[in-house]
Amino acid sequence: LNNAVKYSGTERIAVSTGIQNRALVLEVRDEGEGFDTSLVQKGNGLDNIKNRAAELGGKLEIDSTPGEGTLVKLSMPVPG
Numbered sequence: 006l007n008n009a010v011k012y013s014g015t016e017r018i019a020v021s022t023g024i025q026n027r028a029l030v031l032e033v034r035d036e037g038e039g040f041d042t043s044l045v046q047k048g049n050g051l052d053n054i055k056n057r058a059a060e061l062g063g064k065l066e067i068d069s070t071p072g073e074g075t076l077v078k079l080s081m082p083v084p085g
């Protein structure tokens, strides 16, 4: 959410949560600038949150297209 506010250039951000296939799903979608995910420089940001999600048994997906915005989807298993 912080990155969407800080870097997307959008005035609209949607946050949603739900349960799908025994996993808690959090989505953050913006209508901002977007970016080419293949050109992202390796650093602490996106790789760090992907690694933290994996350490907890979850998965982080990032779908972004220049000029069309970004969707970040975090899925975490629900114990039980």
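Residue numbering for the sequence shown follows my numbering, beginning at 6 and increasing consecutively. Glycine is no exception: its CB is placed at the ideal position from the N, C-alpha and C atoms. This structure is a prediction, so every number in the text was calculated from the model and none was measured.
In this structure THR15 is in contact with GLY74, their Cβ atoms being roughly 7 Å apart against a cut-off of 8 Å. Secondary structure note for GLY50: it is in no beta strand (DSSP E), and the uninterrupted alpha helix (DSSP H) holding it is 50–60.
Under the three-state reduction of DSSP, LEU6 is assigned to coil, being neither helix nor strand. Going by C-alpha positions, ILE18 is about 7 Å away from ALA9. Per DSSP, THR22 is one residue of the beta strand (DSSP E) stretching across 18–25. Distance check between GLY37 and each of SER43, TYR12, VAL30 and MET81 places TYR12 closest, using alpha-carbon atoms only.
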